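Going by the numbering used here, the first residue of the sequence shown is number 9, and it counts up by one from there.
Just below is one structure, and these are the notes that go with it.
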Amino acid sequence: MEKYFGNAYRGDPGVPHADADRFVNIWVGSALFCAFTWNSPYMWQLTNQFNWHDRAFLFEQYHWKKAMAKNQPYKFQEKRLAQEISNIENDTGFKLRVLAQNYPETPGLAIKDFWQVDDRTIVFVADPSFGNILNFNVGASVDLDIPRSFWSRLAGKYGNIFYWKEKGEDASIEAAVMAISNCLKEPVGSNNCSEIK
């Protein structure tokens, strides 16, 4: 072994990167890395980005267990939202699609083909990365029936950082879906969607 590796360990000038200081630095760095990974072996998973779906699931489980302890029925929030979105589509003919994302992890334009976005589609993007959690991309036919000011007033009421930090992202999303549902069910006119309910 000495014949093959001895020169590199002694800092042979003929072997690149084999000086004595680098040899010590490599060993110290390796020892520190081993100590850090021994202390927290999953340190690469400790990021400031969260998975929204995991948090929503834990939130639902917490409230479901509280309801079970009180012997009260509990309808899961995801099912309520899915039912409301389905009712919107059946009652009005408009499609509402809710995308919960955390920038920079976004699906991009892939949702356009996946959801078959057309002029009668509202794409509601919930992203807490930039302060206001509510963003809307509205089709041309929807724009004719609902005034443009509705979307900015809706985002200002339920999407501002103070509202969703206090009530939670889920409450903000659910309140926005209910407000869109109420607005789409109103008859088209000059006072259409003047009030956010």
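Where a beta carbon is used, it is the ideal one built from N, C-alpha and C, also for glycine.
Please read these numbers as outputs of a predicted model, since none were measured by experiment.
One or two residues paired with residue i in a DSSP bridge
i	result
N145	V131
R161	In DSSP, R161 forms no bridge with anything.
Through-space distance from residue j to residue i, alpha-carbon basis
i	j	result
V196	A187	16 Å
A108	V133	6 Å
W46	E113	30 Å
I130	D121	14 Å
N110	S160	21 Å
N200	K193	10 Å
S180	E97	21 Å
D135	P115	12 Å
I119	I204	28 Å
F144	M76	36 Å
D99	E92	10 Å
V106	A184	10 Å
W72	N190	27 Å
Q124	F41	49 Å
K74	G37	49 Å
K103	R128	6 Å
I166	S157	Looking at the sequence provided, one finds Tyr at residue 166 rather than Ile. Each residue's alpha carbon lies about 14 Å from the other.
W172	Q69	20 Å
S198	N95	25 Å
F170	P81	31 Å
N140	N168	5 Å
G176	I34	47 Å
F138	D126	27 Å
A148	L117	18 Å
V146	F44	49 Å
F84	A163	24 Å
DSSP-derived helix/strand/coil call for residue i
i	result
T32	Position check: residue 32 holds Val in this sequence, whereas Thr was assumed. Three-state result, V32: helix.
V125	coil
L104	strand
N110	strand
I93	helix
N79	coil
K205	coil
S180	helix
N140	coil
N56	The predicted position of N56 is uncertain, since its pLDDT is 48 and thus under 50; no value can be drawn from it.
L152	helix
V196	coil
L117	coil
E44	Reading the sequence as shown, one finds Phe at residue 44 and not Glu. Helix at F44.
Limits of the alpha helix (DSSP H) - the one that residue i falls within
i	result
F170	I169 to K175
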